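A.B. asks:
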Amino acid sequence: YTPAAAGTDTAVACLTTANCARCDTVLLTVLTLPTVDAGADFNVCVDGSATNLLGSPAGGAWSGTGVNGTPPYSFDPGLAGVGAWALTYTWTDASGCTNSDVLTVTVDPLPTADAGPDTTLCDEPVPYALGGLPAPGVWTFDQQGTGATLAGTQYTPNGTGTDVLVYTYTDASGCTATDLVSIAVVAPVVPNAGPDDSLCVSANR
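Residue numbers for the sequence shown follow this note's numbering, beginning at -5 and rising by one.
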């Protein structure tokens, strides 16, 4: 017997022996499968923290790549790795009927940030253009050893020492990468041509 839809069916079983027939009737109640919702698909960065999984109705079980094995269920993007992963939520009602729903989690890779090579500048109030890639990104001080100022992509020396800057880039998926660059600020060299001198005009010159 394969039920076609929820409802009530009647089945009759008959046994005939020696021209005698006996029949019995059984009432079959076909139950509706429960409605199960795994929730909306979502994206997460590969370095993101574990995300709690909340299917409906509550009390079911989750399975799939990156899912921890026991409640409370969560998805770990670092464990799953980059890619698209199908997670299944299964729930069984009080009548023993089971249904499931699937959501897709896309784990996005991290971008690559490049703050450029370390450099040395003279201690002069001349703005230096920082060239982080990809652009646009955000420049901040990681370690500040001078009185230099930072405005957007412009670094202006002020005093000798070493500053470490961090360049932060966030891609369209919201994933972030950083890179460091070191800037050494040195005192400008003062040229010395020697003492003033006087020379006689000579025909031999």
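Don't be surprised by glycine CBs; every beta carbon is placed ideally from N, CA and C.
Computed from a predicted model, the values in this text were never measured in an experiment.
Closest to Thr19 by C-alpha separation, out of Ala5, Ala32 and Ala166, would be which residue?
C.D. replies: In the sequence shown, the residue the question calls residue 19 occupies position 25. Per the Cα distances, Ala5.
A.B. asks: Are three or more beta carbon pairs between the region 125 to 136 and the region 178 to 191 nearer than 8 Å?
C.D. replies: Too few Cβ pairs lie closer than 8 Å, so no.
A.B. asks: Would you kindly check if the distance between the Cβ of Thr154 and the Cβ of Val183 is under 7 Å?
C.D. replies: For this step, residue 183 is matched to residue 189 along the sequence shown. For this step, residue 154 is matched to residue 160 along the sequence shown. Their beta carbons are not under 7 Å apart, which means Val183 does not touch Thr154 by this criterion.
A.B. asks: Leu73 by DSSP, collapsed to three states: which one?
C.D. replies: The residue given as residue 73 occupies position 79 in the sequence shown. Looking at Leu73 - three-state DSSP - the assignment turns out to be helix.
A.B. asks: Is there contact here, the region 138 to 157 with the region 109 to 125, by at least three beta-carbon pairs under 8 Å?
C.D. replies: Yes, the region 138 to 157 is in contact with the region 109 to 125.
A.B. asks: What does the alpha-carbon distance come out to for the pair Ala107 and Asp173?
C.D. replies: Position 113 of the sequence shown holds residue 107. Position 179 of the sequence shown holds residue 173. Each residue's Cα considered, the two are about 6 Å apart.
A.B. asks: Kindly list the residues whose CB is nearer than 6 Å to the CB of Thr98, restricted to its own chain and excluding five residues on each side of it in sequence; keep chain order.
C.D. replies: The sequence position of residue 98 within the sequence shown is 104, counting from 1. These residues qualify, in order along the chain: Asp35, Ala78 and Ala80.
A.B. asks: What number of angstroms, rounded off, separates the C-alpha of Thr134 from the C-alpha of Ile177?
C.D. replies: As a first step, residue 134 is located in the sequence shown; it is residue number 140 there, counting from the start. As a first step, residue 177 is located in the sequence shown; it is residue number 183 there, counting from the start. Those two C-alpha atoms are separated by around 13 Å.
A.B. asks: Pick out whichever of Ala(-1), Gly54 and Asp31 has its Cα sitting closest to the Cα of Asp87.
C.D. replies: Here residue 87 corresponds to residue number 93 of the sequence shown, with the count starting at 1. Ranking the options by Cα distance to Asp87, first place goes to Gly54.
A.B. asks: Throw me the rounded Cβ distance for the Asp102 and Val40 pair, which I believe falls under 8 Å.
C.D. replies: Counting from one through the sequence shown, the residue named residue 102 turns up at place 108. Counting from one through the sequence shown, the residue named residue 40 turns up at place 46. Rounded, the Cβ-Cβ distance is 7 Å, consistent with contact.
A.B. asks: At what residues does the beta strand (DSSP E) containing Leu97 begin and finish?
C.D. replies: For this step, residue 97 is matched to residue 103 along the sequence shown. Run containing Leu97: Thr92 to Asp102, per the beta strand (DSSP E) assignment.
A.B. asks: Closer than 8 Å by C-beta to Cys116: which residues in its own chain qualify, once you throw out the five before and the five after it? Chain order, please.
C.D. replies: The sequence position of residue 116 within the sequence shown is 122, counting from 1. These residues qualify, in order along the chain: Pro151, Val179, Val180, Ala181 and Pro182.
A.B. asks: In chain order, what are the residue ranges of uninterrupted beta strand (DSSP E) at least 3 long that sit wholly in the region 99 to 149?
C.D. replies: The qualifying runs are 113 to 116, 132 to 137 and 143 to 145.
A.B. asks: For Val67, which residues in the same chain have their Cβ closer than 7 Å to its Cβ, ignoring the five residues on either side in sequence?
C.D. replies: What you label residue 67 is simply residue 73 of the sequence shown in a count that begins at 1. Note that residue 67 corresponds to Tyr in the displayed sequence, not to Val. Within the same chain, Tyr67 has close Cβ partners Leu47, Trp56 and Val61.
A.B. asks: If you compare alpha carbons, which of Ala52, Ala32, Pro51 and Gly42 is closest to Gly58?
C.D. replies: In the sequence shown, residue 58 corresponds to position 64, counting from 1. Closest option to Gly58, Cα to Cα, is Ala32.
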